[in-house]
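Numbering of the sequence shown is given in the UniProt record's numbering, commencing with residue 1 and proceeding in unit increments.
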Amino acid sequence: MDNLTAFTEFLLVDNADSRELQVFQGVLFLVIYLGALAGNLLTFLVIVMDPHLHLPMYFFIGNLTLIDFCYISVTVPKAIVNSLMDSMLISLKECVTQSFLFLLFGSTEFFFLVVMSYDRYVAICRPLHYQLILTPHFCTQIAGALWSSGMVYSATHTGTIFRLPFTKSNVIHQFFCAYPQILSISSQSVQFSESVLLVVSACFVLLFFIILFISYINIFSTVLQMRSVEARNRALSTCSPQIATIILFIISGLFACLEPISQ
1 MDNLTAFTEF LLVDNADSRE LQVFQGVLFL VIYLGALAGN LLTFLVIVMD PHLHLPMYFF
61 IGNLTLIDFC YISVTVPKAI VNSLMDSMLI SLKECVTQSF LFLLFGSTEF FFLVVMSYDR
121 YVAICRPLHY QLILTPHFCT QIAGALWSSG MVYSATHTGT IFRLPFTKSN VIHQFFCAYP
181 QILSISSQSV QFSESVLLVV SACFVLLFFI ILFISYINIF STVLQMRSVE ARNRALSTCS
241 PQIATIILFI ISGLFACLEP ISQ
């Protein structure tokens with residue numbers, strides 16, 4: 001039988017086998033974190049301060065840099081402090097907040113990547129209509145809708161998962177409060193929560209993957225029809241970084257989601 005005591009703290013267990021490795025891990029995370037923060041902050045400031053970059057594409061890139069800035073700040077600082085201070089505890093409230101913000105920024109980033117594929121589609125396939133379609137007002141509305149969708153999506157999952165009491169165990173085998181691990185230590189049946197999580201996530205991913213696929217098929221079809229090599233290379237140079245980002249995002253997400261959710 002499960003212990004009837006409801007846990008109010010969780011123990012984050014990482015893969016460090018010794019104290020020296022734990023400190024090295026904390027220092028390494030700190031260096032990478034500061035570098036990522038500096039890069040994102042510099043990119044964001046350049047986009048904001050340079051009037052020549054006040055275009056739809058850079059508006060969306062600015063949002064992505066802001067999301068990345070917040071995304072890594074949700075989990076990494078806590079992991080750094082825990083590694084350096086040799087303290088693996090995190091409170092229930094901190095865990096809820098961390099999980100909500102992590103999913104908020106993760107889902108919102110994916111939404112923006114999808115919209116940016118449409119931006120590239122219009123710019124390359126319908127260049128004469130670009131300024132008519134992607135107006136500043138339209139881009140602002142789209143950005144607001146994406147942030148709002150991310151909040152609703154994250155709140156739905158967080159509310160579903162944290163309605164369950166945690167009485168079986170308080171050990172999370174991850175350096176932050178990841179959803180599969182949280183579900184695995186729930187004392188009640190997790191089948192309903194798992195099904196909701198997987199079905200909703202799968203529907204979103206499938207829908208947006210179809211949009212991405214159609215957009216880039218049209219983009220590459222148009223690019224291959226261009227007679228000018230210079231124009232073709234210019235078009236590909238604006239799409240290649242986005243495609244690489246999308247692939248990296250999806251692969252990292254798959255690795256995280258394919259971990260066992262429940263025992």
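Even for Gly, the Cβ is constructed at its ideal location relative to N, Cα and C.
The C-beta distance from L104 to S73 rounds to 12 Å, too long to meet the 8 Å contact threshold. Between L146 and F111 the beta-carbon gap is near 4 Å, inside 8 Å, which marks them as a contact.
Counting along the chain, S18 sits inside no beta strand (DSSP E), nor does DSSP assign it H or E at all. By the CB criterion at 7 Å, C95 and C177 fall inside the cutoff. With at least 16 other beta carbons inside 10 angstroms of its own, I124 counts as buried.
Runs of beta strand (DSSP E) with 3 or more residues, each lying fully within the segment 53-80, are absent.
Non-local beta-carbon contacts of S87 in its own chain, meaning distances under 8 Å to residues more than five positions away in sequence, involve V81 in chain order. By the Cβ neighbour-count rule, M85 is exposed, with fewer than 16 other Cβ atoms within 10 Å of its own. Annotation for F10: no alpha helix (DSSP H) segment contains it, though the beta strand (DSSP E) segment containing it runs 9-12. Taken in chain order, the whole alpha helix (DSSP H) runs of length 4 or more contained in the segment 162-187 are 179-184.
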